[in-house]
Amino acid sequence: MPRIVKQEGEDPDPTPYLYVSLEQKRIDQTKPYDAKKACWVPDEAEGFLQGEIQSTKGDLVNVKLPGGEEKTLKKENVFPMNPPKFEKVEDMADLTYLNDASVLHNLKQRYNAKLIYVKDFKKEQVGQVNPPKFEKCEDMSNLTYLNDASVLHNLKQRYYAKLIYTYSGLFCVAINPYKRFPVYTTRCAKLYRGKRRNEVPPHVFAISDGAYVNMLTNKENQSMLITGESGAGKTENTKKVIAYFATVGASTKKEEEAAGAKKKGTLEDQVVQTNPVLEAFGNAKTVRNDNSSRFGKFIRIHFGPSGKLAGADIETYLLEKARVISQQTLERSYHIFYQIMSGSVPGVKEMCFLSDNIHDYNYIAQGKTTIPNVDDGEELQLTDVRIP
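Read in order, the letters of the sequence shown are residues 1 to 388 in full-length UniProt numbering.
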């Protein structure tokens, strides 16, 4: 191998020696190709030559070579050719037809293009690919080959198809799309009410309804664990679960009217409306998540014998106390401080003897003081309405 040579000035661009250019890819992939006729045949000088099958008779194959010459060869000496999309492929494990001719051709073409490296892996590092019938599979426990690569590929393909929920046995895997999809509407919730899991697409509503039905059928408490990395969507999915239970366990209109004079909204509304208050005092902006929960919570939702919502209680724990006095450059303290500083609810700032300049208060001004597309003033009004 040539030694590394030190050069003066700016280093030369190495990319032409590492990647196939887009222009070259377009040229390669537009080459004529007939899967039934394209083949490789042995050649003493070149190793293998590209050929075109003219006819087949028994164990003999008549092949036309590039110069117009025709040869008759035994079938075992004629090798299938890969489609043009595999021209100069980086990983030969991806080839449709992995034979001596294809390997030699790929190495030769890459060498001619000044691409001297190809990837090589140990056998245990190569995972098997599932048949096409499992593409975008709803339940990954059904995959023929359940390995890391297959799981990642399936989740990725479903995500690209805007399918953010996927089952893996008893688990439901959710991928945060970082945008709003119309999959949490009342219309959507009705699709899952009373349905078996295999009758409807994967969704957190299906898991919720399964727990609700099991509770009514078996008269046993049910538990749901929502876990994941920061920014994975735990908070949002928790809110959707609570909203679903509030919907399916809603009281009748007569019961609502009787309780309406004493309570601020229906019981279902009160349960759902706890979220803005919890988020105001327990959520903050982090580097990866503009609304990151900085505490854990255990939520109990109580139902009566008939399945009607009877109440709820929440236990909180592990609040990140250090965030009250210290934040990183791209982060904020808890939302409530910035909401109060907005002054959108008359009298609150005056009651707390606060100035109009947020930078007067170092405890909340060490990092960011605003969040893009979030109005702290509107959020304070929402928090104020939700507090009894």
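Glycine residues also receive a C-beta, built at the ideal position from the N, C-alpha and C atoms.
Starting from residue i, follow its DSSP beta bridges and name the residues at the other end.
| i | result |
| --- | --- |
| His302 | Gly311 |
| Asp139 | Tyr167 |
| Gly367 | Its beta-bridge partners do not exist; DSSP assigns none. |
| Cys172 | Tyr167 |
| Thr272 | Reading off the sequence, residue 272 comes out as Val, not Thr. Paired residues: none, contrary to the question. |
| Thr316 | Lys297 |
| Val41 | Leu49 |
What whole-angstrom Cβ distance do residue i and residue j have, given they're in contact under 8 Å?
| i | j | result |
| --- | --- | --- |
| Arg300 | Asp313 | 5 Å |
| Lys74 | Asp59 | 6 Å |
| Phe303 | Met224 | That belief does not hold up - the Cβ atoms of Phe303 and Met224 are roughly 14 Å apart, past 8 Å. |
| Asn82 | Ser102 | 5 Å |
| Glu52 | Val63 | 7 Å |
| Gln222 | Ala211 | 4 Å |
| Leu104 | Gly47 | 5 Å |
| Asp148 | Gly169 | In fact, because the Cβ distance is near 16 Å, the residues do not count as touching under 8 Å. |
When we look at the beta-carbon of residue i and count the other beta-carbons within 10 Å, is it buried (16 or more) or exposed?
| i | result |
| --- | --- |
| Ile387 | exposed |
| Ser326 | exposed |
| Ala322 | exposed |
| Met18 | Here residue 18 is Leu; the residue named in the question, Met, does not match the sequence. It counts as exposed. |
| Pro276 | buried |
| Met351 | exposed |
| Phe245 | buried |
| Ser21 | exposed |
| His359 | exposed |
| Lys202 | Checking the sequence, you will find Pro at residue 202 rather than Lys. Classification for Pro202: buried. |
| Thr383 | buried |
| Leu380 | buried |
| Asn112 | exposed |
| Lys254 | With a pLDDT of 45 at Lys254, under the threshold of 50, the predicted position of this residue should be treated as unreliable, though the coordinate-derived value follows. Counting Cβ neighbours within 10 Å, Lys254 comes out exposed, since fewer than 16 surround it. |
| Ile340 | buried |
| Ala45 | exposed |
| residue 469 | This structure cannot speak to residue 469, because the chain is shown only from 1 to 388. |
| Arg187 | exposed |
What would DSSP say about residue i, mapped onto helix, strand or coil?
| i | result |
| --- | --- |
| Asp34 | coil |
| Cys188 | helix |
| Ser292 | strand |
| Tyr334 | strand |
| Tyr361 | coil |
| Lys321 | helix |
| Lys195 | coil |
| Asn214 | helix |
| Asn283 | strand |
| Met341 | helix |
| Phe181 | coil |
With a cut-off of 8 Å, does the C-beta of residue i fall near any C-beta of chain C?
| i | result |
| --- | --- |
| Ala243 | As a matter of chain content, chain C is missing from the structure shown, which is built from one protein chain. |
Complete runs of the alpha helix (DSSP H) confined to the region 43-113 [at least 4 residues]: 100-112
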